[in-house]
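Those protein sequence lines, which keep their order, are chains A and B. In terms of my numbering, the numbers along the first sequence are unbroken and rise by one, the last being 586. In terms of my numbering, the numbers along the second sequence are unbroken and rise by one, the last being 1586. Where is the CB? At the ideal position from N, CA and C, for every residue including glycine.
There are 2 protein chains.
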Amino acid sequence: MKLKRTHKCGNLNSSNIGQEVILNGWVERIRDLGGIKFGLLRDISGKVQFVIDPENKEIYEIAKTIGNEYVIAIKGVVRKRPDDAINKNMPTGEIEIDVNDMEVLSESETPPIYVNKDEEISENLRLKYRYLDLRKDRMKKNLVMRHKALQIVRQYLSENDFLEIETPYLTKSTPEGARDFLVPSRLKPGNFYALPQSPQLFKQLLMVSGFDRYFQIARCFRDEDFRADRQPEFSQIDFEMSFVEMDDILTLTEGLLKKLFKELLDYDLETPLRRFTYDEVMNKYGSDKPDTRYGLEINDFSEDFKETKADFIRKVIENGGKIKGIVLSEKADKFSRKRIDEYTEFAKSVGAGGLIWIKNEKGEVKSSIKKIAENEIKNIFDKGLIKDNDIAFLIVGENEEVNKILGHIRVKLIKEEMEKKDGFDVLWVVDFPMFAWDEEENRLVAEHHPFTMPKLDDFEKYADSDPLKIRAQCYDLVINGYEMASGSIRIHRKDLQNKIFEMIGLSDEEINEKFGFLIEAFKYGPPPHGGAAIGFDRLIAVMAGEDSIKEVIAFPKTASGSDPMTEAPSEVSEKQLNELKIKLDL
Amino acid sequence: MKLKRTHKCGNLNSSNIGQEVILNGWVERIRDLGGIKFGLLRDISGKVQFVIDPENKEIYEIAKTIGNEYVIAIKGVVRKRPDDAINKNMPTGEIEIDVNDMEVLSESETPPIYVNKDEEISENLRLKYRYLDLRKDRMKKNLVMRHKALQIVRQYLSENDFLEIETPYLTKSTPEGARDFLVPSRLKPGNFYALPQSPQLFKQLLMVSGFDRYFQIARCFRDEDFRADRQPEFSQIDFEMSFVEMDDILTLTEGLLKKLFKELLDYDLETPLRRFTYDEVMNKYGSDKPDTRYGLEINDFSEDFKETKADFIRKVIENGGKIKGIVLSEKADKFSRKRIDEYTEFAKSVGAGGLIWIKNEKGEVKSSIKKIAENEIKNIFDKGLIKDNDIAFLIVGENEEVNKILGHIRVKLIKEEMEKKDGFDVLWVVDFPMFAWDEEENRLVAEHHPFTMPKLDDFEKYADSDPLKIRAQCYDLVINGYEMASGSIRIHRKDLQNKIFEMIGLSDEEINEKFGFLIEAFKYGPPPHGGAAIGFDRLIAVMAGEDSIKEVIAFPKTASGSDPMTEAPSEVSEKQLNELKIKLDL
C-alpha cells in the first residue's frame, strides 16, 4: 500500500481543517457535479466527502474509472465545506477532503444488493450476500453494540469474581430436553458426540470442583424446527455460583443488566426489578412472560356472574371455575362482527370453547350473551368496568385454562390493536411450580429440570399430600414479553434428589443412564449452588430495537437451518462417510 | 443456608484477628490432636486452619462425623496461632478459626483420587473424576491463569479497535486442510454441516464487510488422529486487520504477548522480538520452530571436506550438496557405541542415509570416518570446532534434507542430553516459501494456503521462471520450540489470485467448488488485509510451565478423543439415526 491511512473517515471534523490526511475505505457513492467529482468514502468509523478537481488530471482520470464499493486510498487536505454545502445530519458534514493523490486498492462489480440503502429484499438474498448486507450502517451498529456488550458482560462478571471457563462442544448426547445435533466419531465408529444444548451439567460440575463462580458466553445448539425466530446455534451468558441463595443471583443479574442498559443505551434501569410470582402473572396477564407496558390485565368477573341465568357460566363458577376477561379501551368501533368472529376462531384455536364479548358503542350495548345475562352486563357497566367504546373479551372455564387462553388473546390484542411502545419492561417471575402432571404418562414431571431445588417449606408440607402445590426455587427474567433469562437454585442434597427422582417415577437405571456422571459427582461434596443463563442474541436484539435475532448475528441461518452464502449444510464425499462408517438412508 | 459466608478462607490474615467470620468450603483434612479437632478448610481463594474444642459439645459431635471433602459452613473467631504452630509457607499460616458454630452442607464419600496431593495416576482416572482432579491447587492455578489471559487478550484487542464477532460453528465442509467433523442435517437429509477448522473464511468475509479489525477466541475442530498433544477441539485467538502490512500485525501481536507475559507472570518480554527468515532458521536449527535457548546450531563443514578422500562426501559437495553437523559440548563421555548406534538408527528413521560422528574423549579422537577423513578431522580439531569431550553428528546430502535431519537430531539431543531451561524463547519466522513442489502430483502446491500474498518483488521476478524462489508474506510465532501463532497477508487482487490458482493448477471448477463464496465476495471490493491465529491452549500451557495442553483445559479428551467422565462419544438411539436418515455401516 502506497497510501496507508493516517486517519479514519468518521473521526474527522472541523478541528482537522488544514491537515493533510490519508484515508482508506469504500466508495459509498461518486458523482460528477459540474465537472467536479464528489464522492463519499466509508470505513468502520463513518463517512466523509471527498472532492476531485479536474485540474488534478491524473487523479481525475482514475476517478472516472471508479464506481460504488471500490476500495481506494486518498490523500488530501481537510477543508471546510462551502456554507451552503454543510450537512448538519452528518458528523463529518462540515468538512470535505480536497484530494491530491489517490490509489485504487481494489475494484468492485455492481453489488447485487444495495449497501447504502435499506431496501425490501428477500432474506435469502440478504444472507447469500451477507458480506455486503453487513456493510449497512444498521448492521454495523448492531454488531458494534454486540461487541461492546460482550466486553461489558465479561468485565462485570470478572469483577464479581467469576472465572471464565470454556466447556466442551463435543460432548455426550442426553435424552432430556430438545433434540441434539450429533457428530459421528471416526475413532469410535458407531458412536456420536452431541453438540451441547447448554453447558448445564459442566457448570454444575465446575461448582463441585470448587470454582465458586463460573461464567461463559457459550454457544448452544438445538436441532429444533426453526419456527419463529430461532437459530440452530445461539449464544447465552451462562453462569453459576456456589454458596448462594436466589436473591444473590437475582441481584447480581440486575447489576449486570443495569450496567448494560446504562453503557449501551444510556438508559437507567430501575433496580431492584419488579418481582411477580408465577401465580400473579398468570392471573394478571395469562402468561409467564408478560409485557406489562400494555396493561390489558385480566379481570375476574366470576363474582358478577355467580347468580346469572346463563347456565353454562353459572355452573362453571359453582364448580370452582371462573369467568374472566380483558377489556380493550376505546376501540369497540374497530370491532366489526367479522373481526369479532376472527377473535372467536382464534380463541377456539388456543383451546377455548367459545368467546364471550361485550361492547358499548355510542351508548348501545352489544354482547354475545346480551339476552341471557342482561342484568350482569348492566351491573358491569354500572360499576364502570366497561366504559363507552370499550370492548371486553371473556372466557369461561377452569381458572388455569381461562388464564392461558386470555394470555393468548392478550398477546394478539397487543400485536394488532396497540401502538408499539418504546422503552423496556423488565421483571422477574419467581415461584414457578416444581412439578406438572403429565396426563399421558399419568405421572409427575419436573417443570424446570429435576435438579431444581424446591422451596423447602412447600416441600415439607406437600411432598406427600399435594406435590403440585410445591413451588421451585427458579426464576425467569422477562424483557418486553420475551423470556430473557432463566435459572434456578440446584439441589445439592442427595436425600432430596433421590426423593424428587422417586416422585417423578425415575428408576435407578433411568437415573443412571440420564444423569449418571452428575449423580456420581454429587457423592463427593457438592456445594449449595445455583445459576442462570441469559439469551444473549435476544437481549441484544431487544436492546438494538430489532424484532429478529438475525439482525444481531453476523452469519445467521434461514428458518430451514441453511446458509445461502456458504451453502451449508451440503453433501459430502463418499470417502468422508466411509471414514465415519455411516451411510445415508434417504 | 443458615451460615452464609462473610469471608473467603484464603483472604484471612492477622489483620482479621478478633473478628467473627463465617466460611463455606471443603474440608481438605481433619484430624484429632490431643482431643481437639484440627481441620483445613478450602475454597477458591485458599485454605485456612480451623479448630474445634471438645467443650463445644454439639459441634464437636458433628465434627466427629465429617471427613475429607465434606462441604461445611463454620462460624468462629479468627485468632493468632500459638508461636510454635505458625506456618510460614501458608498465606493464612499465622491464624486459625476458633469454631463456635458449624453446619454440614453436604457429605462426601471417600474420593477415588487424592485431591490434596499430586499422585501418579492414569490419565483415564484423572479425566473420569475430572471434577475432583480440578480441585487440585495446580489445576486451579492453571484455569485461573487461563481466565485472566482471556480477559487480557480481549481487553487488549478491544482497546486496539478490534471488534469481537462470533462466527458460526455449523458451517460448510471444505475439502482443504485437515479432516472435518461432520454434523448430519435433519431438515435437509443427506446433507451435513461441518464444524470449523478455523474461522478463516469468515474472518476474511468480515474484512470484505468493512469491519476493519476482527477478533474472536474461537473454538476450532479437527478430526485428526490425536497423536502427541492434540485435542479434537481447541481454542485460538483469531484476528484479522484491514489496510495493514505485515509489520503492523507483528507489532500488534508483540504488544499482546508483552502484556500477557507481564500481567500473568511479571515477565518482561523484550520487544521487538527477534525475526529470523525461514532460510536462516532452517540452516541454523534445521527447523522452522526452533528453541534457540539450547544453542546446538548447525555448522557447515562442507568447506573443510571439499577435498576429502572420502568419495561419498566429496561427490555430494561437488554436486552442490553439504556436510553439516551439530556439536554437543562436553558430553562425549556419555556416548557409548550403543548410544551412538541409537542415534544412527534415529537419523535413518528420519531420512538419513547414515550418521557420521566424531568425538574427542580424553585426547583420543574417535569417528565413524576416522580412517578415510583423517586430515579433515584433524583440521576441524585444529580450528577448535570440536573440543575435548565434544561429540559431533554430521549428515551428508542435499542442503535442505541435511538441515531437516539435523533438525530432528537437534530436538532429540535437547530432549535427552540437555538440562531443561527456564524462561521463554520467543521469535518470529518470516519469509516462508510461497510454494512447494508436490512430487506425487508433479505440480506446485501452496505451502501456507492459496490466499497468502506472495512478496511482490519475488513474484515479479520469479513467477514465470522459478516460482519455488517466491517467498510469501506469512509469519509464524515460535515460543520454546512450539509454533504458537501463524498468519499471513492475504491476496486481495483478483488478477494475482487468478495467477496463483493457475500456477497451482486449479481449474475454474475446482476453484469454485473449494472457495466459491470467497471468490464471489472478492468481486465486490475486498480491502488489503491480513491476520493471524494464536494457539491459546498451547500458549497458556507454556506460560503455566505445563508440558501438555490437557493441564490447561477444564474438560479435555483422551488421545482417542473420548471423555471418560461423560463417556462421550456414545451410542445413540435408532430414533435419532432415523430422524437424521443415516445408518451405521460398521
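Classification of residue i by the beta-carbon crowding that lies within 10 angstroms, buried from 16 upward
{"i": "K1128 (chain B)", "result": "buried"}
{"i": "S1209 (chain B)", "result": "buried"}
{"i": "K455 (chain A)", "result": "buried"}
{"i": "Y267 (chain A)", "result": "exposed"}
{"i": "I1217 (chain B)", "result": "buried"}
{"i": "I1249 (chain B)", "result": "buried"}
{"i": "A1228 (chain B)", "result": "exposed"}
{"i": "N1360 (chain B)", "result": "buried"}
{"i": "V552 (chain A)", "result": "buried"}
{"i": "D1458 (chain B)", "result": "buried"}
{"i": "Q1204 (chain B)", "result": "buried"}
{"i": "L1219 (chain B)", "result": "It should be pointed out that residue 1219 (chain B) corresponds to Arg in this sequence rather than to Leu. It is buried - the Cβ of R1219 (chain B) has at least 16 other Cβ atoms within 10 Å."}
{"i": "S336 (chain A)", "result": "exposed"}
{"i": "K1607 (chain B)", "result": "Here chain B comprises residues numbered 1001 to 1586, so residue 1607 (chain B) is not present and cannot be evaluated."}
{"i": "I419 (chain A)", "result": "According to the sequence provided, residue 419 (chain A) is Glu. The question's Ile does not apply to it. Its Cβ having fewer than 16 others within 10 Å, E419 (chain A) is exposed."}
is_contact[residue i, chain B] using C-beta, thresh 9 Å
{"i": "S108 (chain A)", "result": "yes"}
{"i": "I553 (chain A)", "result": "yes"}
{"i": "T167 (chain A)", "result": "yes"}
{"i": "E254 (chain A)", "result": "no"}
{"i": "M1 (chain A)", "result": "yes"}
{"i": "N498 (chain A)", "result": "no"}
{"i": "D585 (chain A)", "result": "yes"}
{"i": "K259 (chain A)", "result": "no"}
CB contact check: residue i to chain A, cutoff 9 Å
{"i": "E1245 (chain B)", "result": "yes"}
{"i": "Q1236 (chain B)", "result": "no"}
{"i": "R1227 (chain B)", "result": "no"}
{"i": "R1490 (chain B)", "result": "no"}
{"i": "M1565 (chain B)", "result": "yes"}
{"i": "Y1475 (chain B)", "result": "no"}
{"i": "E1069 (chain B)", "result": "yes"}
{"i": "Y1114 (chain B)", "result": "no"}
{"i": "N1124 (chain B)", "result": "no"}
{"i": "S1589 (chain B)", "result": "Since the first residue shown for chain B is 1001 and the last is 1586, residue 1589 (chain B) is missing from the structure and cannot be characterised."}
{"i": "S1173 (chain B)", "result": "yes"}
{"i": "G1190 (chain B)", "result": "yes"}
{"i": "K1581 (chain B)", "result": "yes"}
{"i": "F1517 (chain B)", "result": "yes"}
Residue(s) in a DSSP beta bridge with residue i
{"i": "V104 (chain A)", "result": "A:I72"}
{"i": "D1098 (chain B)", "result": "B:V1051 and B:V1077"}
{"i": "T1174 (chain B)", "result": "Paired residue(s): none; T1174 (chain B) is not in a bridge."}
{"i": "G320 (chain A)", "result": "G320 (chain A) pairs with nothing; no bridge assigned."}
Q. Is there contact here, the stretch 1063 to 1078 of chain B with the stretch 1019 to 1033 of chain B, by at least three beta-carbon pairs under 8 Å?
A. yes
Q: For the stretch 1337 to 1385 of chain B, list the beta strand (DSSP E) runs that are entirely contained and at least 3 residues long, ordered along the chain.
A: Complete beta strand (DSSP E) runs here, min 3: 1356 to 1361 and 1364 to 1367.
Q) Should the stretch 162 to 170 of chain A be regarded as contacting the stretch 112 to 131 of chain A, the criterion being three or more beta carbon pairs within less than 8 Å? A) Short answer: they don't touch.
Q: Kindly provide the ranges of any beta strand (DSSP E) runs that are 3 or more residues long and lie completely inside the stretch 415 to 499 of chain A, ordered along the chain.
A: Entirely contained in the stretch 415 to 499 of chain A, the beta strand (DSSP E) runs reaching 3 residues are, in chain order, 426 to 430, 435 to 438, 443 to 446, 474 to 479 and 482 to 490.
Q | Segment contact flag, the stretch 167 to 174 of chain A with the stretch 1564 to 1581 of chain B, C-beta cutoff 8 Å, min 3 pairs | A | yes
Q) If we count Cβ pairs, one from each stretch, closer than 8 Å, do we get three or more for the stretch 177 to 184 of chain A versus the stretch 289 to 304 of chain A? A) Taking a cut-off of 8 Å for Cβ pairs, the stretch 177 to 184 of chain A and the stretch 289 to 304 of chain A do not touch, as fewer than three such pairs fall below it.
Q: Return the chain-ordered ranges of every beta strand (DSSP E) run that is complete within the stretch 119 to 199 of chain A and spans a minimum of 3 residues.
A: 182 to 184 and 192 to 194
Q: Could you tell me which uninterrupted beta strand (DSSP E) segments, each at least 3 residues in length, are contained entirely in the stretch 194 to 273 of chain A, listed from first to last along the chain?
A: 213 to 221 and 233 to 242
Q) Three or more beta-carbon pairs under 8 Å between the stretch 1460 to 1475 of chain B and the stretch 1427 to 1442 of chain B, yes or no? A) yes
Q) Just checking, does the stretch 28 to 37 of chain A make contact with the stretch 105 to 114 of chain A on the three C-beta pairs under 8 Å criterion? A) no
(Q) Pairs of beta-carbons, one from the stretch 1380 to 1392 of chain B and one from the stretch 1234 to 1252 of chain B, closer than 8 Å: are there three or more? (A) no
Q: Assess, as a yes-or-no matter, whether the stretch 1490 to 1507 of chain B is touched by the stretch 80 to 97 of chain A under the definition of 3 or more beta carbon pairs within less than 8 Å.
A: no
Q | Contact the stretch 189 to 209 of chain A vs the stretch 245 to 259 of chain A: 3+ CB pairs below 8 Å | A | Contact fails: fewer than three Cβ-Cβ distances are below 8 Å.
Q. Looking at C-beta atoms only, is the number of pairs between the stretch 1538 to 1556 of chain B and the stretch 114 to 128 of chain A that lie closer than 8 Å three or more?
A. no
Q: Specify whether the stretch 1512 to 1520 of chain B and the stretch 1550 to 1564 of chain B touch according to this definition: at least 3 beta carbon pairs, one from each stretch, less than 8 Å apart.
A: no
Q: Determine, using beta-carbon pairs with one atom in the stretch 255 to 264 of chain A and one in the stretch 373 to 386 of chain A, whether at least three such pairs fall under 8 Å.
A: Output reads no: the stretch 373 to 386 of chain A does not touch the stretch 255 to 264 of chain A.
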